[in-house]
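Q: This is the structure I have questions about; it appears just below.
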Amino acid sequence: TTSNAFPVSTTAATVGELKKLIKAEKSPEFDDIAADKLTLWRASIPVTVANKHKPIFLSKKIESTIELDPTDYISDVFSKTPKKSIHVLVEPPSQPKDFEVVIMPDDGFVPKRIHFT
Numbered sequence: 516t517t518s519n520a521f522p523v524s525t526t527a528a529t530v531g532e533l534k535k536l537i538k539a540e541k542s543p544e545f546d547d548i549a550a551d552k553l554t555l556w557r558a559s560i561p562v563t564v565a566n567k568h569k570p571i572f573l574s575k576k577i578e579s580t581i582e583l584d585p586t587d588y589i590s591d592v593f594s595k596t597p598k599k600s601i602h603v604l605v606e607p608p609s610q611p612k613d614f615e616v617v618i619m620p621d622d623g624f625v626p627k628r629i630h631f632t
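Below you can see the structure in the form of structure tokens.
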């Protein structure tokens with residue numbers, strides 16, 4: 516939602532440097548995430564009272580939403596930015612929701628499968 520937006524003042528030259536600033540700004544929430552694992556998307560989402568609590572969904576169909584490359588220069592990506600708008604969406608790396616571990620016993624018995632969710 517736009518109510519989760521936060522400002523980041525930057526003199527960063529590249530998107531990669533901006534990732535580091537965002538990671539620092541979102542501490543401790545992003546402490547266990549490497550800055551290079553964050554995906555940044557350029558966006559232009561007006562912040563209004565009407566959309567304050569509406570969820571924001573990433574969609575490649577939205578023309579203004581473009582994945583940013585860490586080597587992009589901030590000045591090239593954001594030459595003009597309207598006020599009262601969200602300009603960057605931050606996507607943390609996805610975490611596996613469930614996984615399976617196979618334990619191979621040394622004694623010749625049948626392997627055990629343990630499923631975690």
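Positions 516 to 632 (my numbering) are the ones given, in order, by the sequence shown.
Ideal Cβ positions, reconstructed from N, Cα and C, are used throughout, including at glycine.
Could you check the C-alpha separation between Pro597 and Ala549 for me, to the nearest Å?
A: The alpha-carbon atoms of Pro597 and Ala549 are separated by roughly 30 Å.
Q: Which residue marks the beginning of the alpha helix (DSSP H) containing Ile537, and which one marks its end?
A: Start and end: Val530 to Glu540.
Q: Following the continuous beta strand (DSSP E) through Ser600, name the residue where it begins and the one where it ends.
A: Element bounds for Ser600: Ser600 to Glu606.
Q: Count the other CB atoms, across all protein chains shown, that sit within 10 Å of the CB of Asp551; report buried if there are 16 or more and exposed otherwise.
A: Asp551 is exposed by the Cβ-count criterion.
Q: Shorter than 7 Å from the beta carbon of Phe521 to some beta carbon of chain D?
A: Structure shown: chain D not included; a single protein chain is present.
Q: With distance defined between alpha-carbon atoms, name the residue in Pro570, Pro608, Lys567 and Leu533 nearest to Val592.
A: Residue Leu533 is the option with its Cα nearest to Val592.
Q: What does the alpha-carbon distance come out to for the pair Thr525 and Glu544?
A: Straight-line Cα distance between these residues: approximately 20 Å.
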